[in-house]
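Chains as they are written, first to last, in my numbering: chain L, 72 to 432; chain Z, 72 to 432.
No residue lacks a Cβ here, since even glycine has one placed at the ideal position from N, Cα and C.
Here is the structure we will look at.
2 protein chains.
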Amino acid sequence: MQPLIVSLGDRSYPIHIGPGLLDEAQLYARYVVSRSVVVVTNAAVAPLYLERVQRALVQAGARGVVPVLIEDGERSKSWATLDRVIDALLAARCGRDAVIVALGGGVVGDLAGFAAAVYQRGIDFIQLPTTLLAQVDSSVGGKTAINHARGKNMVGAFHQPLAVIADVATLDSLPDRELRAGIAEVIKHGCILDLQFVGWLEANMAKLLARDRAALGHAVRRSCELKVQVVAADERESGLRAILNFGHTFGHAIEAGVGYGEWLHGEAVATGMVMAAELSVRAGSLRREEADRVRALVAAAGLPVRGPALPAERYLELMQVDKKASGGRIRYIVLEGLGRAALRGDLDPDMVRQSIAAAAQ
Amino acid sequence: MQPLIVSLGDRSYPIHIGPGLLDEAQLYARYVVSRSVVVVTNAAVAPLYLERVQRALVQAGARGVVPVLIEDGERSKSWATLDRVIDALLAARCGRDAVIVALGGGVVGDLAGFAAAVYQRGIDFIQLPTTLLAQVDSSVGGKTAINHARGKNMVGAFHQPLAVIADVATLDSLPDRELRAGIAEVIKHGCILDLQFVGWLEANMAKLLARDRAALGHAVRRSCELKVQVVAADERESGLRAILNFGHTFGHAIEAGVGYGEWLHGEAVATGMVMAAELSVRAGSLRREEADRVRALVAAAGLPVRGPALPAERYLELMQVDKKASGGRIRYIVLEGLGRAALRGDLDPDMVRQSIAAAAQ
């Protein structure tokens, strides 16, 4: 199948989607011939795919392939783990022509991508996302980052990959909970950009949860198509791209409030979308029955529709420091009807408190 | 006086050069009105200029001005100090519209610039260089970085400032040794780009060392003009810009070999230029008497013309890991006549050993 193209001038790149792509040496060849390759992956993914990817890279003509294993989980998005990746690159005497391959989920992609962004002021990297979340969201768009004790993704860079290779066969090995967390971002793309896709998701949620290969393939492709449109129009998140944060302002507060790793990112975003839909109703831009469709879709995916037991004030405090806060005001992404989103910086904190309460324990 | 403009499309910016500019609130105003400002500086510079800069920033309309003091010296280009700056930004609840002001020499500029490059995936910054080295070199061109135990500037980003404000009156307080170290980069700009400027430096070295204000002003301006031409033609060091590393491949090896901080960067570059000139003679692209002019100019500036007691093999090993090593080959910048430079990747290691020996203890 033809790859999707992310159109960003001289930073344009293809997204290849399909089963079994991990092993296709000819896909890698144009990026790695005669170049040193460092594969960043984690202890959960390595036993499943590392050997196959290494074999394909060598077959594709890479000069050397060095694996770097990081710990599984959000805690790896840290200075310490970043330093370990940088150290491995230096130990392997990688120059500026080296290529990093990020093999894994969002954490691996964010960390390895950021290492690529800053190693010797920037080297190339390739995303090989192996989770649904990474395939439909985090591997697309060039956002890379690590976390800080005071907030998620507070240190990072916009750094576009050479290519994204999304092998949907890797989703077979994904735990159910992570599959559902990935579906949260798929739902998001429908809610903010494509009413028809929302309808498709309502009709096909059971198939997605049963890992029907064709349904998953369509969901990944449509999600990427939608996200790519937004990224191409606003690479560095100066405006439009902010709509991709629908559900994320609340979601990040949930993640930070309960401690990173307690809730999966997708779970926090799912509940965040319910809150943001409630806020949209209160802001007068979404009908009650549309908000109920958002909530029902989140529930159908087996995702949480209720937030953790945190006071509303704690949400507001956590959102204040979040990077979407600009000039002190918190800006929210609201739906203007299902399938359309907008950024609002003028919403009353009381309205926000009510929306949090509407999705409270 | 009219500022120099660094022409980089939508990343273009002015370099203002002159005495007393630190206090000129109207220079800052267009960049800081209603924005949070974090001034990164060090313990040596703060007592001299911090209060004046803070006053000018407040007068210019900044919403808040938070100073962050880092330790003096190359050791501050570390993960730990970077984290301190990031932490200060988060503690001050800075959003993406905050501005970092780098007040100090090259270390402050490199570190603060890198913090600006990665904080929330990139915020604005202004360079206020207070050393000659920073005014003629490190503050211009958008290179930011920190060091790694395995090599200098191994982690960083290309991130252009909003503006550079070079107050040449701050050079009055510069220790002699640092003044001379800055002159090394001035000599470099002449050697690689402007034979006439080499002649001017030979005639005016005594004035520069005596801190003649007019002579220093001319040296800063001409150096910036020369560097700006190169940066504008090759922002991300994919080709031409490499010539700015004349003397640096050897120089970095000296710095790493004796331990960072033992030799000043400019001192190591000075000796590195003598070695690179010797290499140019052996490579057949520079006449002996031209190499002698380089050596004499370095000596006239009171800079070292002989390297530290390191075996030639140690240099080669250290240069191998340096970022100018591409695909395993070490590439050298050689002079093709005085005032013109080129990149050579084909030079025999024996020729390199001889050139190091020619400038050995």
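Within the continuous alpha helix (DSSP H) that includes residue i, where are the two ends?
i              : result
Y102 (chain Z) : 96 to 103
H323 (chain L) : 319 to 329
I263 (chain Z) : 247 to 264
A413 (chain Z) : Here A413 (chain Z) belongs to no alpha helix (DSSP H); instead the beta strand (DSSP E) covers 412 to 415.
T342 (chain Z) : 336 to 353
K298 (chain L) : 284 to 304
P420 (chain Z) : 420 to 428
G184 (chain Z) : 177 to 189
D158 (chain L) : 150 to 162
L128 (chain Z) : 122 to 130
Quick one: is residue i near chain C, going by C-beta distance under 9 Å?
i              : result
A133 (chain Z) : Looking for chain C here will not work: the only protein chains present are L and Z.
Is residue j closer than 9 Å to residue i when the C-beta atoms are compared?
i              : j              : result
V299 (chain L) : I86 (chain L)  : yes
N30 (chain L)  : E333 (chain L) : Outside the shown range of chain L (72 to 432) lies residue 30 (chain L), about which nothing can therefore be said.
V136 (chain L) : V156 (chain L) : no
N275 (chain L) : H289 (chain L) : yes
L93 (chain Z)  : V124 (chain Z) : yes
V108 (chain L) : V189 (chain L) : no
I314 (chain L) : L350 (chain L) : no
P152 (chain Z) : L121 (chain Z) : Per the sequence shown, the amino acid found at residue 152 (chain Z) is Thr instead of Pro. No, these two residues do not count as a Cβ contact at 9 Å.
S113 (chain Z) : G184 (chain Z) : Note that residue 113 (chain Z) corresponds to Asn in the displayed sequence, not to Ser. No.
L272 (chain L) : L250 (chain L) : no
C165 (chain L) : I141 (chain L) : no
H319 (chain Z) : L204 (chain Z) : no
L357 (chain L) : L418 (chain L) : no
H230 (chain L) : A169 (chain L) : no
Whose CA, out of the options, lies closest to the CA of residue i?
i              : options                        : result
I254 (chain Z) : Z:G175, Z:L381, Z:M344         : Z:M344
V257 (chain L) : L:A240, L:L350, L:V211, L:Y386 : L:V211
A100 (chain L) : L:G261, L:E388, L:I197, L:A114 : L:I197
K148 (chain Z) : Z:G288, Z:Q425, Z:L266, Z:M225 : Z:M225
V423 (chain L) : L:P232, L:S309, L:F321         : L:F321
E361 (chain Z) : Z:V111, Z:I427, Z:G410, Z:L250 : Z:G410
A133 (chain Z) : Z:L98, Z:A290, Z:P118, Z:G330  : Z:L98
K214 (chain L) : Z:G222, Z:S209, Z:R192         : Z:R192
R307 (chain Z) : Z:A371, Z:M72, Z:L79, Z:P74    : Z:L79
P118 (chain Z) : Z:R359, Z:H323, Z:T241         : Z:T241
A380 (chain Z) : Z:D417, Z:S356, Z:A324         : Z:A324
M390 (chain Z) : Z:D243, Z:F229, Z:I427         : Z:I427
Is the Cβ of residue i closer than 9 Å to any Cβ of chain L?
i              : result
V235 (chain Z) : no
M225 (chain Z) : yes
A396 (chain Z) : Below a pLDDT of 50, predicted positions are generally treated as unreliable, and A396 (chain Z), at 48, falls in that range; no measurement from the model is reported.
Y190 (chain Z) : yes
Q391 (chain Z) : yes
Does any C-beta atom of chain Z lie closer than 9 Å to the C-beta of residue i?
i              : result
L161 (chain L) : yes
G261 (chain L) : no
V178 (chain L) : no
F229 (chain L) : yes
E308 (chain L) : yes
V369 (chain L) : no
A216 (chain L) : yes
G193 (chain L) : yes
R312 (chain L) : no
Q198 (chain L) : no
R221 (chain L) : yes
R434 (chain L) : With chain L represented from 72 up to 432, any question about residue 434 (chain L) goes unanswered, as that position is not in the structure.
D283 (chain L) : no
Q267 (chain L) : no
N316 (chain L) : no
G212 (chain L) : no
First and last residue of the beta strand (DSSP E) that includes residue i?
i              : result
G135 (chain L) : 135 to 141
N113 (chain L) : 107 to 113
H230 (chain Z) : It is not in any beta strand (DSSP E) - H230 (chain Z) carries neither H nor E in the DSSP assignment.
L406 (chain L) : 403 to 406
V365 (chain Z) : V365 (chain Z) -> not in any beta strand (DSSP E); alpha helix (DSSP H) instead, spanning 359 to 371.
query: What are the residues of the segment 374 to 387 of chain Z that lie near chain L, defined by any Cβ-Cβ distance shorter than 9 Å?
result: none
message: Beta carbons nearer than 9 Å to chain Z: which residues of the segment 96 to 108 of chain L have them?
response: S105, R106, S107
task: Please name the residues in the segment 127 to 158 of chain Z whose beta-carbon is closer than 9 Å to at least one beta-carbon of chain L, in chain order.
output: R134, W150, A151, L153, D154, I157, D158
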